[in-house]
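Residue numbers (our numbering), protein chains in the order written: chain A, 2 to 82; chain B, 12 to 890.
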């Protein structure tokens with residue numbers, strides 16, 4: 002099977018990954034008063050990161066489902082690897 | 012012992028700390044003497060000049076003055092000396108760094124073996140990394156440069172051939188060829204000369220800061236000798252002197268060094284010199300670390316390994332874990348604990364002897380001056396008294412040595428502080444190790460009592476995980492008003508009744524209280540006015556007694572706050588009393604047992620009271636209820652006898668029949684297995700299938716015989732009551748006592764250990780039957796057969812060993828976890844961050860929920876809200 006044919010986001014255990022734009026990224030970092038590498042990391046080779054075309058240096062927004070909180074939004078900094 | 016006082020504010024703040032390596036010049040500069048004599052004292056006991064105890068390095072004995080600073084023993088901080096080494100030696104602590112520096116550079120010109128262009132590029136990259144302050148990348152950068160440079164086979168700067176360097180642990184370096192064969196041994200002198208050649212600019216690219224740490228400084232030419240105060244000698248009672256381990260080691264170093272010096276001067280052959288040189292290297296290596304891999308530790312005459320520098324710092328008894336992370340404290344006490352159910356769960360019983368030693372600083376005001384005067388007059392011997400007075404000028408007066416305490420008391424006035432004995436109502440911290448969760452350390456109000464143990468209410472045993480088989484606990488007396496306030500608001504037992512672990516109560520009624528609650532609140536219980544008064548008196552009931560006869564449920568309702576509750580009782584002895592209904596603080600139906608007021612449970616009546624009425628009301632309820640139940644149980648006379656575990660002959664026969672039937676079934680399975688007729692279960696081998704079938708068959712035998720036994724118990728059977736109400740024990744325990752103990756296991760399997768193909772010589776080899784593999788048909792009451800007894804002991808021993816292993820393993824796991832999570836904190840913006848500012852979670856727990864206030868882990872109790880809303884509608888509709 003071709004790798005492209007399979008959309009991992011269709012699986013219910015894979016949370017939504019969204020690539021932040023430059024402006025969104027800057028806004029987020031300013032709000033948190035953080036350097037990008039102080040965010041949690043995600044590898045560029047992570048299947049979900051690859052699927053949305055994230056490159057090292059980007060920030061990814063992940064929306065996860067939670068039994069207790071409904072939805073939780075987290076941000077991850079894409080690192081090489 | 013002194014109370015905290017403000018000094019002048021600090022004038023400087025530490026912005027950063029930089030670590031470096033001592034240079035030989037630095038060592039000589041800070042030294043006051045160069046040691047050449049390997050001895051400590053001469054015949055008449057005075058320190059040898061230029062010896063290990065030279066007076067210039069400071070003094071120990073009082074009265075003597077330091078020859079360097081003229082200070083007395085308390086004033087002189089001690090001064091360093093040094094040893095000029097005849098030949099350099101490798102510093103064991105830096106072998107890895109030396110190895111890296113050698114590997115990355117050329118032996119001839121000292122440059123990093125990368126081309127100029129690459130070096131320039133790397134330099135710029137490093138500058139950029141340093142500017143951005145990402146130190147994680149910085150360490151990675153150095154590693155990469157070293158790795159790349161080490162690949163070179165020829166120096167791009169001078170063209171010299173580059174050989175690989177090999178480090179032979181602990182301190183020997185070789186040049187090796189491609190096949191890892193040694194070409195040349197590098198002596199410490201060679202290493203040092205090589206390292207000296209590396210230019211400052213290149214050194215920076217492999218992680219050194221040449222200002223404070225030139226690589227050649229890691230090869231020692233001058234050894235600093237710590238002051239005498241770092242390695243004090245002790246005088247034994249016999250007047251004999253005993254030197255510190257470090258002094259011994261330094262003596263070895265000086266001796267070998269002098270020997271080496273004279274060998275060189277005498278022009279001895281290189282082999283002899285090398286021998287002494289190696290010995291010097293050994294002594295200096297073990298001086299730093301006596302537990303090095305690959306070399307034997309230096310030992311004392313008695314054979315005990317010496318405690319050298321690294322051993323002073325490392326491990327549980329090292330400087331860090333023993334003296335810096337953990338310190339001994341003042342104002343603390345430790346003794347055995349024993350139970351006292353008649354004190355509040357908020358209280359702790361403190362022996363008078365302890366109360367007379369622990370003190371609380373009380374500032375004198377016009378309001379308390381008379382009381383404090385009396386305490387001062389009583390002095391340190393008579394309780395309640397005082398041990399110290401701190402005068403307005405800050406001087407402490409020890410009341411033990413004040414002759415006229417009455418005059419002293421007269422002199423008191425505002426500005427004085429009296430350190431009075433611990434008294435009833437003072438707040439103290441109480442702790443039992445291991446302190447695994449926050450409830451391991453709670454604040455209690457002091458209650459001074461006679462005798463010599465700390466007393467706690469048995470209800471607070473679960474949070475501390477304490478029992479009274481010899482447990483000891485620690486008590487601390489905080490010394491500031493701020494501390495008292497914090498303790499009162501967040502640390503008192505009543506504030507810690509809810510646990511963050513599973514969102515329920517951790518304290519609650521246990522054992523006798525549960526049985527008593529059941530006996531009190533079941534339908535048939537009725538009490539006359541006199542008995543009701545006794546019970547209610549214990550429960551601090553202040554209201555009127557209107558009726559001449561009370562039911563147990565009515566009495567229980569009198570201590571209950573006004574709450575609504577619906578639940579199910581744990582017991583099923585009386586089905587009509589199972590449904591527990593409480594309306595506006597009145598117990599309408601149902602019995603109270605572990606499901607309503609038990610410990611370590613959520614969504615119970617007690618839990619609801621604490622959540623709705625607050626911790627204060629909850630504690631009051633638990634206190635009063637427990638006293639009431641205690642009184643009731645005393646009057647009732649709850650007891651149990653051996654004959655309660657007897658079964659009638661009919662029952663015994665019935666049980667035997669059931670067990671025989673199941674054992675027959677087991678034998679049938681074995682027969683089928685032997686004949687190859689047994690069907691294999693999916694995912695299991697044939698043998699595993701057989702085992703599974705046998706185990707489930709035998710478990711059925713045990714459970715069914717238990718059910719039979721249960722049918723024959725009277726509803727008033729005491730053991731049955733404790734098991735069914737959740738007071739103590741399970742039905743399984745009762746089954747094992749009366750009917751059948753069941754299968755014994757080792758590692759979750761039937762027992763098969765022992766002889767070849769059999770467990771014991773009592774059985775035939777290859778016997779797979781129930782009895783031969785650890786099934787116990789007997790019960791505890793009637794006793795076990797010898798083979799059964801042995802299997803039982805095997806299983807019991809496994810349980811014991813398991814607990815021992817588990818506690819030590821989980822203890823270490825906990826330690827590692829704590830050290831890893833130590834610096835995590837919730838920032839003001841709600842994120843969880845580490846000390847370096849890394850974001851761990853964007854919201855605490857990724858849901859922002861305080862599990863303490865959750866209901867069984869859920870943030871909101873929807874059932875409860877539904878019930879409340881429905882009730883409101885009902886009330887409105889009827890109005």
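The beta-carbon is built from N, C-alpha and C at its ideal position, and this holds for glycine as well.
Residue i and residue j: beta carbons closer than 9 Å?
| i | j | result |
| --- | --- | --- |
| residue 719 of chain B | residue 754 of chain B | no |
| residue 291 of chain B | residue 96 of chain B | yes |
| residue 66 of chain B | residue 80 of chain B | no |
| residue 399 of chain B | residue 408 of chain B | yes |
| residue 104 of chain B | residue 205 of chain B | no |
| residue 792 of chain B | residue 661 of chain B | no |
| residue 60 of chain A | residue 44 of chain A | no |
| residue 320 of chain B | residue 257 of chain B | yes |
| residue 709 of chain B | residue 674 of chain B | yes |
| residue 487 of chain B | residue 342 of chain B | yes |
| residue 335 of chain B | residue 295 of chain B | no |
| residue 347 of chain B | residue 478 of chain B | no |
| residue 574 of chain B | residue 624 of chain B | yes |
| residue 570 of chain B | residue 589 of chain B | no |
Applying a beta-carbon distance threshold of less than 8 Å, which residues of chain B neighbour residue i?
| i | result |
| --- | --- |
| residue 31 of chain A | Those within 8 Å of residue 31 of chain A in chain B number zero; the least Cβ separation is about 13 Å. |
| residue 35 of chain A | 848, 850 |
Tell me, please, whether the CB atom of residue i is closer than 9 Å to any CB atom in chain A?
| i | result |
| --- | --- |
| residue 851 of chain B | yes |
| residue 870 of chain B | yes |
| residue 145 of chain B | yes |
| residue 842 of chain B | yes |
| residue 14 of chain B | In this predicted model, residue 14 of chain B has a pLDDT of only 49, less than 50, meaning its place in the structure is not dependable; the value taken from the coordinates is given anyway. No - not a single Cβ of chain A is within 9 Å of the one on residue 14 of chain B. |
Can you find a CB in chain B that lies within less than 9 Å of the CB of residue i?
| i | result |
| --- | --- |
| residue 16 of chain A | no |
| residue 28 of chain A | no |
| residue 57 of chain A | no |
| residue 40 of chain A | yes |
| residue 21 of chain A | no |
| residue 81 of chain A | no |
Counting only Cβ pairs nearer than 9 Å, list the residues of chain B close to residue i.
| i | result |
| --- | --- |
| residue 48 of chain A | None at all; the shortest Cβ gap to chain B is about 21 Å. |
Identify the contact partners of residue i in chain A, using a Cβ-Cβ distance below 8 Å as the criterion.
| i | result |
| --- | --- |
| residue 860 of chain B | 69, 70 |
If the cut is a Cβ gap below 7 Å, which residues of chain B does residue i touch?
| i | result |
| --- | --- |
| residue 75 of chain A | 853 |
Per the DSSP calculation, residue i is bridged to which residue(s)?
| i | result |
| --- | --- |
| residue 184 of chain B | B:178, B:197 |
| residue 852 of chain B | B:843 |
| residue 769 of chain B | B:766 |
| residue 438 of chain B | B:456 |
| residue 340 of chain B | According to DSSP, which records beta bridges pairwise, residue 340 of chain B is partnered with nothing at all. |
| residue 577 of chain B | B:592 |
| residue 516 of chain B | B:509, B:612 |
| residue 742 of chain B | None, per the DSSP bridge assignment. |
| residue 362 of chain B | B:460 |
| residue 66 of chain A | A:72 |
| residue 669 of chain B | In the DSSP output, where bridge partners are listed per residue, residue 669 of chain B has none listed. |
Can you pull the chain A residues whose beta carbon is under 7 Å from the beta carbon of residue i, in chain order?
| i | result |
| --- | --- |
| residue 857 of chain B | 67, 70, 73 |
task: Report yes or no: do three or more beta-carbon pairs, one from the segment 25–32 of chain B and one from the segment 247–259 of chain B, lie closer than 8 Å?
output: no
- request: Check whether the segment 142–161 of chain B touches the segment 81–89 of chain B, taking contact to mean three or more Cβ pairs, one atom from each stretch, closer than 8 Å.
  value: no
task: Tell me, please, whether the segment 66–80 of chain A touches the segment 177–185 of chain B by the rule of three or more beta-carbon pairs shorter than 8 Å.
output: These segments do not touch.
message: So, does the segment 153–166 of chain B touch the segment 117–131 of chain B, judging by three or more C-beta pairs under 8 Å?
response: yes
query: At a cut of 8 Å, does the segment 590–600 of chain B reach the segment 626–636 of chain B through at least three beta carbon pairs?
result: no
Three or more C-beta pairs below 8 Å linking the segment 793–806 of chain B and the segment 836–854 of chain B: no
field: Three-pair Cβ contact test at 8 Å for the segment 213–231 of chain B versus the segment 105–112 of chain B
entry: Contact holds between the segment 213–231 of chain B and the segment 105–112 of chain B, because three or more Cβ pairs, one in each stretch, are under 8 Å apart.
- prompt: Would you call the segment 296–310 of chain B and the segment 265–279 of chain B touching, i.e. three or more CB-CB distances under 8 Å?
  reply: no
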